[in-house]
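K.L.:
This structure is in structure tokens; I'll ask about it shortly.
Protein chains in written order, with full-length UniProt numbering: chain A, 1 to 239; chain B, 1 to 239.
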């Protein structure tokens, strides 16, 4: 594990940064659970699990607010520099991504409840399961990478988003064909498409979290670079 | 116009904040143009205008990077407090929303090009025109509100997002009905639906920019409040 923080005159400051980091990882854990549960709720047609996902939204919003306040307070009081400043800015941005991942999980939960109300759902189970498992794994690995400041892991996860995008497009094509063959299914298939869309968005947000981690560790802004360029940049950049 | 910045010992610091604000408004202007042009390109089936929208993406990304660097530099060098700190944090977050609005405009441009390639497009013109005009106006008014730090205008714009969401749902329902009646149109109608979806997202991002402005001026985090609650909070909060 790398040590990013510079020597602080104040132990109190160290504690504040550590608390911030812990809150971020806690929020990540809740969001990860939301995504996994929303997926499981869909696969099992489990309405009460879907409701659980929705209920967790208030916890996520609360943590989002707490973390943002902590960032502002540390910036005002401690006037951090270098690695500490980057850590705060990185968490401040990454937390918005986590919050939106939670929002997408909530959307999946809502769609699941609608599908349960309307009776059995057509197609899409296999695709949703595959893509959902992929993005759940991505979130898990991203939080691990944040906890260990592991930039190689972050790059690996960010690259997986490409596969998610490809899988999403393939799934969409097959659902469109299915709708053409059975137009009466269109409304219900649409629910499945919105779920896929949410999973694809979760992949995007997770990639952004990884990019913020790369900024934290390396101090380079990689948001508008291709993954190959990021890889090359990171390798030539000193720690 | 309200004066937010506290007295600075350094004129140089004032200049830096003003430059940051100007860059933010410049980036907003480019993004506003992208949205308007992507809409016009769709309505006129104008492929070269759609290409213009895509070309502007690099300008937006560049400004995004510049603004982020400026925020980091000012935070490290000037150690701002109170209103100045809020301004930097607010701009730092709002700029990510602008960047995503630009991304959605680029998606609309891409979809427009595909529709042009595939021949005349079915339905959806009226709806896209209506919702597109609404969100273009919202962006314009948001940037005005930022320039004047006008919180009442920001609340007004944020509330309009509700109307966008309702219009979007209505449009979607009518397109689903249309697809059921004419299943051969499904693929092309999907392009129209993705454009509507992008416009709806642009409305969301614009609302978030407004919420960051309210945080800037009032120092309260309104991201997870209903619009009515925001209204009430802002009215009871001293300037």
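Glycine is no exception: its CB is placed at the ideal position from the N, C-alpha and C atoms. As the structure is a prediction and not an experimental result, all values here were calculated from the model.
For residue 223(A) and residue 45(B), what's the separation of their Cα atoms in angstroms?
P.N.:
Along the first chain, one-based indexing puts residue 223(A) at 223. Along the second chain, one-based indexing puts residue 45(B) at 45. Their Cα atoms are separated by approximately 31 Å.
K.L.:
When the Cα atoms are used, what is the spatial distance from residue 113(A) to residue 37(A)?
P.N.:
As a first step, residue 113(A) must be located in the first chain, where it is residue number 113. As a first step, residue 37(A) must be located in the first chain, where it is residue number 37. Near 13 Å, if we compare the C-alpha coordinates of residue 37(A) and residue 113(A).
K.L.:
CA-CA distance, residue 185(B) and residue 74(B)?
P.N.:
As a working mapping, residue 185(B) is identified with position 185 in the second chain. As a working mapping, residue 74(B) is identified with position 74 in the second chain. The straight-line gap from Cα to Cα measures roughly 54 Å.
K.L.:
Which residues of the UniProt domain "PhoU" (128 to 211) of chain B have a Cβ closer than 7 Å to any Cβ of chain A? Give them in chain order.
P.N.:
Residues 176, 179, 180, 183, 186, 187 and 190.
K.L.:
Using 8 Å for Cβ pairs, my map puts residue 234(B) next to residue 155(B). What's the rounded Cβ distance?
P.N.:
The residue given as residue 234(B) occupies position 234 in the second chain. The residue given as residue 155(B) occupies position 155 in the second chain. Right, their Cβ atoms sit about 7 Å apart.
K.L.:
Between the C-alpha atoms of residue 82(B) and residue 212(B), what's the straight-line distance to the nearest angstrom?
P.N.:
Here residue 82(B) corresponds to residue number 82 of the second chain, with the count starting at 1. Here residue 212(B) corresponds to residue number 212 of the second chain, with the count starting at 1. Taking the straight line from one Cα to the other gives about 15 Å.
K.L.:
Ignore the nearest five residues each way along the sequence and tell me which others in residue 142(A)'s own chain have a CB closer than 6 Å to its CB.
P.N.:
If you number the first chain from 1, residue 142(A) lands on position 142. Closer than 6 Å at the Cβ level, and outside the excluded window around residue 142(A), lie 157, 206, 209 and 210.
K.L.:
Quick one: using the 10 Å Cβ neighbour count with 16 as the cut-off for buried, is residue 124(A) buried or exposed?
P.N.:
Here residue 124(A) is taken as the residue at index 124 of the first chain, counted from 1. Flag for residue 124(A) reads buried.
K.L.:
With residue 135(B) as the anchor, note down where its alpha helix (DSSP H) starts and where it stops.
P.N.:
Here residue 135(B) refers to the residue found at position 135 when the second chain is read from its first residue. Segment 125 to 148, the alpha helix (DSSP H) holding residue 135(B).
K.L.:
With DSSP collapsed to three states, give me the class of residue 46(B).
P.N.:
Taking the first residue of the second chain as 1, we reach residue 46(B) at position 46. If DSSP states are grouped into helix, strand and coil, residue 46(B) belongs with coil.
K.L.:
Return yes when the Cβ of residue 171(B) is within less than 8 Å of the Cβ of residue 109(B), no when it is not.
P.N.:
Taking the first residue of the second chain as 1, we reach residue 109(B) at position 109. Taking the first residue of the second chain as 1, we reach residue 171(B) at position 171. Their beta carbons are not under 8 Å apart, which means residue 109(B) does not touch residue 171(B) by this criterion.
K.L.:
Report the residue ranges of all alpha helix (DSSP H) runs contained in full by the region 20 to 107 of chain A; include only those spanning at least 4 residues, in chain order.
P.N.:
Here the runs fully enclosed are 47 to 55 and 57 to 78.
K.L.:
Evaluate residue 145(B) with the Cβ neighbour count: other Cβ atoms within 10 Å of its Cβ, from every protein chain shown; 16 or more gives buried, anything less gives exposed.
P.N.:
By one-based count along the second chain, residue 145(B) stands at place 145. Per the 10 Å Cβ criterion, buried.
K.L.:
Quick check on DSSP: helix, strand or coil for residue 198(A)?
P.N.:
Working through the first chain from its first residue, we reach residue 198(A) at position 198. In this structure, residue 198(A) counts as helix in the three-state DSSP scheme.
K.L.:
What does residue 81(A) reach in chain B if we use C-beta pairs closer than 8 Å?
P.N.:
One-based indexing of the first chain puts residue 81(A) at position 81. Correct list: 76.
K.L.:
If you count every other CB in all the chains shown that lies within 10 Å of the CB of residue 220(A), and 16 or more means buried, which is it?
P.N.:
Position 220 of the first chain, counted from the start, is the residue given in the question as residue 220(A). Residue 220(A) is exposed by the Cβ-count criterion.
K.L.:
Using the three-state DSSP reduction, which class does residue 224(B) fall into: helix, strand or coil?
P.N.:
Counting from one through the second chain, the residue named residue 224(B) turns up at place 224. Reduced to three states, the DSSP call for residue 224(B) is coil.
K.L.:
Taking 8 Å as the threshold (beta carbon to beta carbon), is residue 222(B) in contact with chain A?
P.N.:
The count along the second chain starts at 1 and reaches residue 222(B) at position 222. By this cut-off, residue 222(B) is not an interface position.
K.L.:
CA-CA distance, residue 72(A) and residue 230(B)?
P.N.:
Walking along the first chain from the start, residue 72(A) turns up at place 72. Walking along the second chain from the start, residue 230(B) turns up at place 230. Distance between the alpha carbons of residue 72(A) and residue 230(B): 21 Å.
K.L.:
Do the region 128 to 138 of chain B and the region 159 to 175 of chain B touch if we need at least three Cβ pairs shorter than 8 Å?
P.N.:
Segments in contact, yes.
K.L.:
Give a yes or no on whether the minimum CB-CB distance between residue 68(B) and chain A is below 8 Å.
P.N.:
Counting from 1 along the second chain, the entry for residue 68(B) is found at position 68. For residue 68(B), the answer is yes, since a Cβ of chain A falls inside 8 Å of its Cβ.
K.L.:
Going along the region 12 to 41 of chain A in order, which residues come within less than 8 Å of chain B, judged by CB to CB distance?
P.N.:
Correct list: empty, as no residue qualifies.
K.L.:
Look up residue 231(B) in the DSSP assignment and say whether it is helix, strand or coil.
P.N.:
Locating residue 231(B) in the second chain gives position 231, counting from the first residue. Looking at residue 231(B) - three-state DSSP - the assignment turns out to be helix.
K.L.:
Between residue 59(B) and chain A, is the shortest Cβ-Cβ distance under 8 Å, so that the two count as touching?
P.N.:
Mapped onto the second chain, residue 59(B) falls at position 59. For residue 59(B), the answer is no, since every Cβ of chain A falls outside 8 Å of its Cβ.
K.L.:
Counting Cβ pairs, one atom from each stretch, are 3 or more of them under 8 Å apart for the region 55 to 67 of chain A and the region 173 to 188 of chain B?
P.N.:
Contact fails: fewer than three Cβ-Cβ distances are below 8 Å.
K.L.:
Is there a Cβ of chain B sitting closer than 8 Å to that of residue 85(A), yes or no?
P.N.:
The residue labelled residue 85(A) in the question sits at position 85 within the first chain. Yes, because at least one Cβ of chain B sits closer than 8 Å to the Cβ of residue 85(A).
K.L.:
Check this for me: beta carbons of residue 105(A) and residue 164(A), under 8 Å apart or not?
P.N.:
Reading the first chain from its first residue, position 105 is the one you call residue 105(A). Reading the first chain from its first residue, position 164 is the one you call residue 164(A). Taking 8 Å as the Cβ cut-off, residue 105(A) and residue 164(A) do not qualify as a contacting pair.
K.L.:
Reducing DSSP to helix, strand and coil, say where residue 182(A) ends up.
P.N.:
Along the first chain, read from residue 1 onward, the residue named residue 182(A) stands at position 182. Coil.
K.L.:
Looking at the structure shown, is residue 203(B) part of a helix, part of a strand, or coil, going by DSSP?
P.N.:
The sequence position of residue 203(B) within the second chain is 203, counting from 1. In this structure, residue 203(B) counts as helix in the three-state DSSP scheme.
K.L.:
Could you work out which residues of chain B lie near residue 96(A), taking near to mean beta carbons separated by less than 8 Å?
P.N.:
Walking along the first chain from the start, residue 96(A) turns up at place 96. Under the 8 Å cutoff, chain B gives 93 and 96.
K.L.:
Using a Cβ cut-off of 9 Å, pull out every chain B residue sitting near residue 112(A), in sequence order please.
P.N.:
What you label residue 112(A) is simply residue 112 of the first chain in a count that begins at 1. Residues of chain B passing the Cβ test: none, with the nearest at roughly 19 Å.
K.L.:
Taking only beta-carbon atoms, is residue 115(A) less than 8 Å away from chain B?
P.N.:
The residue given as residue 115(A) occupies position 115 in the first chain. Judged by the 8 Å Cβ criterion, residue 115(A) is not in contact with chain B.
K.L.:
Looking at C-alpha atoms only, which residue of 56(B), 204(B) and 126(B) is the closest neighbour of residue 102(B)?
P.N.:
Here residue 102(B) is taken as the residue at index 102 of the second chain, counted from 1. Residue 102(B) has its Cα closest to that of 56(B), out of 56(B), 204(B) and 126(B).
K.L.:
For residue 10(A), does the three-state DSSP call read helix, strand or coil?
P.N.:
Translated into the one-based positions of the first chain, residue 10(A) becomes position 10. Residue 10(A) falls in the coil class under three-state DSSP.
K.L.:
Using only the heavy atoms of the ligand FAD, determine whether one of them is closer than 7 Å to the beta carbon of residue 148(B).
P.N.:
The ligand FAD is not part of the structure shown, which contains no ligands of any sort.
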